[in-house]
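>
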Amino acid sequence: MTRRRRWPAALALLAAMVAPALVGTAAHASPETPRALKMHDELMVEVELHVQHREEVLTALLDAAERHAADVGQRSARLAALGYTGDLTKLEYVLPVQDYRLTAGFGESGPHWASVHTGLDFAAPLGTELVAVADGIVTEVAYAGPYGIRTVLTLQDGTEVWYNHQLQPLVFEGQAILIGEPIGLLGTTGNSIGPHLHLEVRPGGAAPVDPRAWLTERGLTP
Ligand SMILES: [Zn+2]
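Residues -29 to -1, 1 to 193 in mature numbering (1 follows the signal peptide of the UniProt record, and there is no 0) are what the sequence shown spells out, letter by letter.
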C-alpha cells in the first residue's frame, strides 16, 4: 500500500518539474497560444453552428421543394380531373363549373331581374360541384337575399368572383383556395327559377363586368 502511494507523489513531483518547462517552451514558441487556442475553439463552435445551420437550411429547402413538387402534382391532377389538358402547370384560370348550359348572359334584361342581368348563368343539375376559377381567398360565405347562398372568392389581383344561388357552400371565410378546388354545390337558392350558377366578376370589388368576356380574356371559352 505504501509503495503504491509513493508513485502518485513521485509522478506529481515529476509533473511539477516538467510542466513549467513545457509551458515555457510553448509560450516561447508562441506567446499567443492560449488565446489562439480559445479563438480556435470558438471558431470551431462557429463552424459547427454554421454547418448545422446550413444543413437545416438545406433540409428545409429540400422539404419545400418536395412539398412544391407534390403541390404541383396535386394541382395538375386536380385540373386534369376537371378535363383540362396541355401544360397544366401554366394554367391560371378554369371555368367555375365544367358541364353546363349557358342560360343568360351579362347585360340581358328580363322579368327575373330588377334591372339588367349582372352575371353569367351556368345551368347544371342541382348539387353540381363549383370550383375556384383561380387561386384566391374566400372573403364571404353568406345568405345574400336575391343572390341566395353566396360565396365570394377574392383573387390575388383583388377581383371578386361571386358564386350565387348555391345549394351548399364547401368553404369558409378566410380560407385560401387553389385553382380548381371545390367552392360549393350548385343550387337554386334566392331569386332563382331553377338550378344554376349566377357568376359575377367584380374587379377590385367594384361594379360587375361581363364574366364571359373576362373568362375569354383568360383563355377560356364559356
Ligand atoms: Zn343570373
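Virtual Cβ for every residue (Gly too), placed ideally from N, Cα, C.
Source: prediction; values computed, not measured.
Please determine, among Leu20, Asp34, Val43 and Gly151, the residue with the shortest C-alpha to C-alpha distance to Gln69.
Per the Cα distances, Gly151.
> The beta strand (DSSP E) spanning Gln137 covers which residue range?
Element bounds for Gln137: Glu131 to Gln137.
> Could you check how far apart the C-beta atoms of Arg183 and Phe77 are, in whole angstroms? I think they sit under 8 Å.
Indeed, because the Cβ distance is near 6 Å, the residues count as touching under 8 Å.
> Can you name the residues that DSSP bridges to Ile120?
Tyr114 and Gln137.
> Sort out for me which residues DSSP pairs Ala94 with in a bridge.
In DSSP, Ala94 forms a bridge with Arg72 and His167.
> If you reduce the DSSP assignment to three classes, tell me which class Val(-12) lands in.
With a pLDDT of 49 at Val(-12), under the threshold of 50, the predicted position of this residue should be treated as unreliable, though the coordinate-derived value follows. Of the three classes helix, strand and coil, the one that applies to Val(-12) here is helix, per DSSP.
> Using 8 Å for Cβ pairs, my map puts Asn135 next to Gly155. What's the rounded Cβ distance?
Not a contact, Cβ separation roughly 10 Å.
> Name the residue from Gly44, Ala75, Ala48 and Leu32 whose alpha carbon lies nearest to the alpha carbon of Val87.
It is Ala75.
> Closer than 8 Å by C-beta to Gly129: which residues in its own chain qualify, once you throw out the five before and the five after it? Chain order, please.
If we look at Gly129 and ignore the five residues flanking it on each side, its Cβ neighbours are Pro174, Gly175 and Gly176.
> Considering Glu17, what are the terminal residues of the beta strand (DSSP E) in which it resides?
Unbroken run through Glu17 is the alpha helix (DSSP H), Thr4 to Ala52; no beta strand (DSSP E).
> For a test of your reading of the model: does the CB of Ala94 fall under 7 Å from any non-hydrogen atom of ligand 1? Yes or no.
Result no, Cβ not under 7 Å from ligand 1.
> So, is Gly43 buried or exposed, given that buried needs 16 or more other C-beta atoms within 10 angstroms?
One point to set straight first is that residue 43 is Val, not Gly, in the sequence displayed. It is exposed - the Cβ of Val43 has fewer than 16 other Cβ atoms within 10 Å.
> Counting pairs of Cβ atoms below 8 Å between the segment 111 to 127 and the segment 158 to 168, do you hit three or more?
With the cut-off at 8 Å, the segment 111 to 127 and the segment 158 to 168 touch.
> Reducing DSSP to helix, strand and coil, say where Glu188 ends up.
Helix.
> Check each candidate in Gln139, Leu138, Gln137 and Thr110 and name the one with the smallest Cα separation from Thr125.
Ranking Gln139, Leu138, Gln137 and Thr110 by Cα distance to Thr125 puts Thr110 first.
> Determine, using beta carbons only, whether Leu53 and Val65 come nearer to each other than 8 Å.
Yes, Cβ-Cβ distance for Leu53 and Val65 is below 8 Å.
> Consider the C-beta atom of His24 and the heavy atoms of ligand 1; say whether any pair is separated by less than 7 Å.
Checking the Cβ of His24 against ligand 1 gives no.
> Going by other Cβ atoms of all chains shown within 10 Å of its Cβ, with 16 needed for buried, is Asp12 buried or exposed?
So Asp12 ends up on the exposed side.
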